[in-house]
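Structure first, commentary second.
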Amino acid sequence: MNEKKKNNFYSFVSAKHSLKFFLTASSGLPDLPQFVGVAVVNGVTTGSCDTTSNMVHVKQAWVKRYVESDPQHLQWYTGECFQILPYHFKAHIDMFRQRFNQSEGVHILQKMNGCEWDEETGEVIGFMQYGYDGEDYIALDLKTQTWIASKPQAVVTKLSWDADKGRMKLYDNFITQICPEWLRGYLEYGNSSLLRTELPSVSLLQKSPSSPVSCHATGFYPDRAVMFWRKDGEELHEDVDVDEILPNHDGTFQMSVELHISPVAPEDWAGTTVCSGPTGVRVRVFQFSWEFISNNALENYIMHSSKMHFSRYRYI
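Using this note's numbering, read the sequence shown as starting at 105 and increasing by one per residue.
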């Protein structure tokens with residue numbers, strides 16, 4: 105491989121794995137469950153519960169095998185979903201409502217907690233945060249063992265929770281010890297699904313000759329990917345917009361990165377490439393070429409990946 109082609113490859117970091125719990129409670133909404141919980145592993149919903157059905161719903165076959173091997177695991181979820189968290193969240197809504205001097209009405213309390221584990225380094229990152237009525241309220245800083253208030257009304261909550269060392273110890277143990285242990289167990293049972301990698305199909309889209317060129321990648325898994333534009337071996341940061349990663353209906357993911365090129369002469373973009381791929385796995389590199397972008401507005405200026413020059417795959 106010559107030096108020019110070597111420059112077409114980008115080193116991606118190793119894949120990380122995550123277990124996240126999304127918990128939501130509401131008041132003043134009689135048509136919705138008062139409490140809903142969702143467990144997500146590597147972006148895949150593995151289970152849920154709600155106070156309307158009063159059931160824990162297992163979403164994946166491998167999760168069913170996991171809980172069958174450890175019945176106490178399912179018992180823990182059942183207890184949390186129906187015996188502890190609904191009452192815990194109701195008390196929090198009442199408390200936060202008083203902090204904001206609000207009437208009863210409609211209110212939403214959300215909590216996201218869990219852990220991220222790097223299988224290569226062994227590093228574990230934990231997180232726990234609350235949102236109230238659609239805005240950040242308070243978050244846990246595990247390094248300092250303190251809470252960070254996002255609103256003036258949350259300062260009283262922060263001071264109270266900072267002083268509760270017993271609560272802090274329980275949270276720290278769950279996030280840094282129990283959560284990673286469960287995550288590794290989930291990965292063991294769901295490895296064929298969770299540890300798979302799927303490369304994206306990529307298209308270049310342009311609505312009009314003066315519009316940005318959007319490189320759209322879809323169908324990749326897992327949900328950790330990097331896309332960027334590069335010219336003459338240098339990654340571009342100016343005039344580039346990177347969109348967030350979004351889920352597809354089939355469990356894969358999509359994202360786009362836009363390049364604003366209207367002020368630049370077409371001949372100046374020779375040698376420009378766009379790279380995409382899930383982090384830690386193979387990388388696809390595409391050579392930008394103006395000849396593939398249609399000038400016919402009726403064709404919506406779409407260039408499909410089948411028309412692009414593909415460099416060979418390479419593991420990083």
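We put the beta carbon where it would ideally sit given N, CA and C, even for glycine.
Cα-Cα separation between residue i and residue j, rounded to whole angstroms
i, j, result
"D345", "E224", "30 Å"
"L287", "A321", "28 Å"
"Q214", "S318", "34 Å"
"S312", "Q233", "42 Å"
"N217", "F231", "5 Å"
"H177", "E362", "44 Å"
"I212", "K163", "25 Å"
"L244", "Q202", "21 Å"
"S296", "Y181", "24 Å"
"E184", "T156", "15 Å"
"D135", "A195", "20 Å"
"N399", "W166", "The pLDDT assigned to N399 is 37, lower than 50, so where the model puts this residue is not dependable; a value taken from the coordinates is nonetheless given after this. Going from the Cα of N399 to the Cα of W166 covers about 49 Å."
"M199", "M272", "19 Å"
"N277", "K335", "47 Å"
"T261", "Q281", "25 Å"
"F204", "S173", "46 Å"
"L274", "K247", "15 Å"
"G270", "Y191", "20 Å"
"Q206", "P256", "15 Å"
"Q179", "L298", "24 Å"
"E208", "P351", "35 Å"
"P175", "D268", "32 Å"
"S462", "S264", "This structure does not reach residue 462, given that the chain is present from 105 up to 420, and the question cannot be answered."
Nearest-angstrom Cβ-Cβ length linking residue i and residue j, presumed shorter than 8 Å
i, j, result
"V142", "S152", "5 Å"
"I279", "A258", "Not quite, the Cβ-Cβ distance comes to about 20 Å (not below 8 Å), so this is no contact."
"F453", "E339", "Outside the shown range of the chain, which is 105 to 420, sits residue 453, and nothing can be said about it."
Close-in-space but distant-in-sequence residues of the same chain around residue i (CB under 7 Å, 5 per side omitted)
i, result
"P284", "C219, W221 and V228"
"D266", "T250 and W251"
"N158", "F186"
"I349", "D327, A329, F357 and M359"
"R300", "Y325"
"I197", "A129, S131, H211 and L213"
"D154", "P137, F139 and V140"
"D237", "H211 and I212"
"D343", "L363 and H364"
"H341", "none"
"H161", "G151, S152 and C153"
Where the alpha helix (DSSP H) through residue i begins and ends
i, result
"C185", "Where C185 is concerned, there is no enclosing alpha helix (DSSP H), given that its DSSP letter is neither H nor E."
"E362", "Unbroken run through E362 is the beta strand (DSSP E), F357 to L363; no alpha helix (DSSP H)."
"L287", "C283 to Y293"
"S264", "V259 to A267"
"R169", "A165 to S173"
Nearest residue (CA-CA) to residue i, options the options
i, options, result
"F125", "G355, H341 and L189", "L189"
"G235", "F193, K273, Y275 and N205", "F193"
"G147", "E362, N277 and Q358", "Q358"
"V171", "V145, Q281 and Y293", "Y293"
"H353", "V145, G226, K120 and T149", "T149"
"E302", "I282, G289, G323 and L340", "G323"
"G355", "R169, E208 and P304", "P304"
"R169", "F332, K335, Y290 and V306", "Y290"
Residue span of the beta strand (DSSP E) that contains residue i, given as start and end
i, result
"T322", "V317 to F324"
"V306", "S305 to L309"
"V160", "M159 to V162"
"V228", "V228 to Y236"
"K247", "Element bounds for K247: n/a, residue is neither H nor E."
"T156", "Unbroken run through T156: none, as it is neither H nor E."
"S209", "Looking at the sequence itself, residue 209 is Gly, so the reference to Ser does not match. Per DSSP, G209 belongs to no beta strand (DSSP E) and is neither H nor E."
"H121", "K120 to S131"
Cβ of residue i within 8 Å of any chain D Cβ
i, result
"G147", "Annotation note: the requested chain D is absent from the structure, which comprises a single protein chain."
Residues near residue i in its chain [Cβ-Cβ closer than 8 Å; skip 5 each side]
i, result
"V210", "S130, S131, G132 and L133"
"D347", "M359, S360, V361 and E362"
6 Å Cβ shell around residue i - same chain, five flanking residues per side excluded
i, result
"S240", "The displayed chain sequence assigns Asp, not Ser, to residue 240. Within the same chain, D240 has close Cβ partners S254."
"C127", "First, the amino acid is wrong: residue 127 is Leu here, not Cys. Around L127: G141 and K215."
"V144", "K124"
"K120", "E220 and D222"
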